[in-house]
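> Residue numbers (the numbering used here), protein chains in the order written: chain D, 12 to 405; chain L, 12 to 405. If you scroll down you'll find the structure; I have some questions about it.
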């Protein structure tokens, strides 16, 4: 049994935030029907890098889904969509607010024809407020939402997070809202609308930056790799790369000083407790910068772990692929794609003991399942489907 | 009605990842019973900044929960916990793997006394694999999971994301797993174990970095604020701060050139299409760096938006608090705390139309609800509770 195996999801999302959300639903067994514009499809089918003509970007985000084409600008396609909605559990979309209403397919319309429908919308700024209709991209919400203002080396310019956390966290919050609405439906019998904005999600993950500002009045800026209140708790340059250490208390600090044969530092007034070490972080870093180049990253990890001092390397992507823990947790999967061949991608980070998820199919080709879906869900004949295709509905 | 209003969650989590997860459950109406060690409680009660003696950090993550104390090292407390488990839906914990087993409270034990129990564990490296028993902190999994290796200015050292995305994304994936298990229970009638590792979650959010590496063989590094394949799509220094622009296609590029009265750039061979602009990004940046200081951030936003060019400021935390969209979406809440007074914190980024979440109570004082919970759930008398307190069980 898969958690969502009887659920039908009509997935109108494109590019990243929405497809990331529907990927998680597909991984847990939902029948995700990706509805794409004829001829072109999801924009991300055109994003490199490519394997042959297939986008690796698209394939890694759309595994396990089926694809059908539908030109929602045409009334006949809108009618077909409404027929599909009657037999589905979820509509998921990441259009700019107002677009679905223009098609006559807004939540208010759709919930009338299927009161059990869950309608999840993931947009840049949400379905209310003065910025509602503005376009958003990951880098824009990372900027507006504050995370860039606290990321970067000390004194440097604000820095974008290298992964698209503007999109991905919005995808995660959307899944939480959607599954919460599914759970609620088992009690109430009714669906509802889930409205998630990328900008809101950025504010929600700012963590203690907001309370630090409100309590102290100081506007937080980038502080590099260190911790705002624990020291040493940052990255250092070892002989062949970076090593991160997390010395959370005075006991670990003493162990560290003994390990590196600098017992003199334990009694050093500047570093005698965490408050002093944090106050004199720059001086301490200068001392430690002289110590860490003495061993390789692996050498440090072995030595530090023997003393129970939390530490780790800064892995680049090539090292991640070979990491024994990441392998043991099945966090890199290999999927066979009918056109692109074998393809590696990230695995499922949620491990369920009784109803585990899995990737059952590779990403679909554009419109690969149009005919089978229309036959299976709406009982259309090959002739009816052919006629629609002629009329550019599909 | 609230989505989770009849659910009882026994919440053993501390600090960030776990409390962030249980906060979301409390926001949607679950009865989250935070079980803390007597006298000390959640370590984060000691994290600054403070309002009076109360930690703003703790208060912003533990709103809407109840607190009871329990010294799980004592057999009498373990027995009490098992009695609570019989009457609960969820146990949520973020101990190092093996700790709950040492208390005799591992999943294998607990599911015997309550087969409907959902047991969600959020740990650094997960409940399997060679690193299972290692300690993890946010900065360590950010380093090991690769996000630091792709964050930072071009050519600079790897950079930690300024918000604790190692913890927070693990909290989000844990909620998804937990609510998925709750939904599954409505069909199967049985609970299960949810195992989420912070490191796995970092791999899961690396997005296209993995496919870029696998297809091209190039190890991705930090590229600052720009986009790897769209240009110009980055931050520039305006007169009074940074402005981000996202010029996604040639049509927008022409509009931009007209706006800044540099029609000559449209036909410039180096910048004639997106591929050329991306190839010559450094040269283009040098040109644009000469243009953006000419207006203020607000001036640019007005001018760019009039042309339909996606853009936005880089907001610092103080500006976020005043942003009209963030206000309109209720993304900054004010909560009244009995000791600390009025306190602002981030709101709920998931807007449900029929069963919206809300913050109903401020964060609890340590052990504030011990007596009421023991009376209400287990029917203990004041005398029995007093005796347990004398024996240091509570």
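No residue lacks a Cβ here, since even glycine has one placed at the ideal position from N, Cα and C.
1. Which same chain residues end up closer than 7 Å to residue 192 of chain L when comparing Cβ atoms and leaving out the 5 residues on each side of it in sequence?
2. If you draw a straight line from the C-alpha of residue 221 of chain L to the C-alpha of residue 222 of chain D, how long is it?
3. My output table needs one value for residue 15 of chain L: the three-state DSSP class, helix, strand or coil.
4. Interface residues of chain D around residue 409 of chain L at Cβ under 8 Å?
5. Applying the 10 Å Cβ sphere with the 16-neighbour rule, what's the burial state of residue 395 of chain D?
6. Going residue by residue through the stretch 202-286 of chain L, where are the continuous alpha helix (DSSP H) segments of at least 4 residues, counting only ones entirely within it?
7. Is the stretch 335-342 of chain D in contact with the stretch 278-288 of chain D, if contact means three or more CB pairs nearer than 8 Å?
8. Quick one: what's got a C-beta closer than 8 Å to residue 29 of chain L's C-beta in the same chain, skipping five residues either side?
9. Identify every residue that forms a DSSP beta bridge with residue 31 of chain L.
10. Please list the terminal residues of the continuous beta strand (DSSP E) segment that includes residue 352 of chain L.
11. Taking residue 77 of chain L as part of the beta strand (DSSP E), name the residues at either end of that continuous run.
12. What's the C-alpha gap between residue 237 of chain L and residue 36 of chain L?
13. From which residue to which residue does the alpha helix (DSSP H) around residue 199 of chain D run?
14. DSSP on residue 303 of chain D, reduced to helix/strand/coil?
15. Please determine, among D/378, D/229, D/350 and D/367, the residue with the shortest C-alpha to C-alpha distance to residue 80 of chain D.
16. Report buried or exposed for residue 251 of chain L, applying the criterion of at least 16 other Cβ atoms within 10 angstroms of its Cβ.
17. Taking the Cβ atom as the reference point for each residue, do residue 287 of chain D and residue 167 of chain L lie within a distance shorter than 8 Å?
18. Tell me the DSSP secondary structure of residue 45 of chain D in three-state form.
19. For residue 296 of chain D and residue 244 of chain D, I'd like the C-alpha separation in whole angstroms.
20. Let's see if you can read the secondary structure: which residues bound the alpha helix (DSSP H) around residue 67 of chain L?
21. In this structure, how does DSSP classify residue 394 of chain L when only helix, strand and coil are distinguished?
22. Can you tell me where the beta strand (DSSP E) with residue 344 of chain L in it begins and where it stops?
23. Name the two residues that bound the continuous beta strand (DSSP E) containing residue 368 of chain L.
24. Name, in chain order, the residues that DSSP records as bridge partners for residue 167 of chain D.
25. Who are the Cβ neighbours of residue 125 of chain L in its own chain at under 8 Å, not counting the five residues just before and after it?
26. Taking beta-carbon pairs under 8 Å, can you tell me which members of the stretch 37-69 of chain D lie near chain L?
27. Work out the CA separation of residue 138 of chain L and residue 118 of chain L for me, nearest whole Å.
28. Where does residue 409 of chain L land, buried or exposed, given buried means 16+ other C-beta within 10 angstroms?
29. In chain L, what lies closer than 9 Å to residue 71 of chain D by C-beta?
30. Look up residue 324 of chain L in the DSSP assignment and give the residues it is bridged to.
31. What does DSSP give as the partner residue(s) for residue 160 of chain D in the beta ladder?
32. Is the beta carbon of residue 49 of chain L sitting closer than 8 Å to the one on residue 73 of chain L?
33. Which same chain residues end up closer than 7 Å to residue 144 of chain D when comparing Cβ atoms and leaving out the 5 residues on each side of it in sequence?
34. What is the rounded straight-line gap between the Cα of residue 357 of chain D and the Cα of residue 247 of chain L?
35. Got a sec, what are the start and stop residues for the beta strand (DSSP E) residue 145 of chain D sits in?
36. Sort out for me which residues DSSP pairs residue 133 of chain L with in a bridge.
By the coordinates alone:
1. 129, 202, 203 and 205
2. 35 Å
3. coil
4. Only positions 12 to 405 of chain L appear in this structure, which leaves residue 409 of chain L out of reach.
5. exposed
6. 209-215, 219-227, 261-270 and 275-278
7. no
8. 22, 23, 103, 104, 105, 133, 182 and 185
9. In the DSSP output, where bridge partners are listed per residue, residue 31 of chain L has none listed.
10. 352-357
11. 77-80
12. 36 Å
13. 176-199
14. helix
15. D/378
16. exposed
17. no
18. strand
19. 10 Å
20. 67-72
21. helix
22. 343-348
23. Run containing residue 368 of chain L: none; DSSP gives neither H nor E here.
24. Note: residue 167 of chain D sits in no beta bridge, so no partner.
25. 96, 97, 99 and 202
26. 39, 58, 59, 60, 61, 62, 67 and 68
27. 11 Å
28. Coverage of chain L is limited to positions 12 through 405, which leaves residue 409 of chain L absent and any answer about it impossible.
29. 218, 219, 221 and 222
30. L/254
31. In DSSP, residue 160 of chain D forms no bridge with anything.
32. no
33. 107, 108 and 109
34. 33 Å
35. Taken as a continuous stretch (DSSP letters only), residue 145 of chain D belongs to no beta strand (DSSP E), as it is neither H nor E.
36. L/207
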